[in-house]
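For what it's worth, my numbering labels the leading residue of the sequence shown as 30, then goes sequentially.
Step one of this worksheet: look at the structure below.
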Amino acid sequence: MKLIVTLLGVVLLIVAAVYFLVPADQLPSFFPGHEAGVTRVHAKHGIVAGVIGIVLIAAGVWMKRR
30 MKLIVTLLGV
40 VLLIVAAVYF
50 LVPADQLPSF
60 FPGHEAGVTR
70 VHAKHGIVAG
80 VIGIVLIAAG
90 VWMKRR
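Rendered as structure tokens:
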């Protein structure tokens, strides 16, 4: 369980980086927020994914200490 939570946190941090670095029209089609012809980035999606990723990594570290 600890490993799954930590890996999911890392994946969400990578997803957050993708949201910040890639315009909406170049996002993979399975990502929420993919819009054809839109050149802005989805900062809110990136912030949410990043915060949840950090929380999951912290939970994984906390689980390892117990």
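Beta carbons: idealized from backbone N, C-alpha and C, even for Gly.
Stretch-stretch touch, CB-based, cutoff 8 angstroms, three pairs: the region 34–44 with the region 76–88 = yes
Considering Thr-35, what are the terminal residues of the alpha helix (DSSP H) in which it resides?
-> 31–50
Determine the direct distance from the alpha carbon of Leu-42 to that of Phe-59, and round the result to whole angstroms.
-> 17 angstroms
Compare the C-alpha of Val-67 against each of Ala-46, Ala-78, Ala-88, Asp-54 and name the closest.
-> Asp-54
For Gly-66, which of helix, strand or coil comes out of DSSP?
-> DSSP places Gly-66 in the coil class of the three-state scheme, outside both helix and strand.
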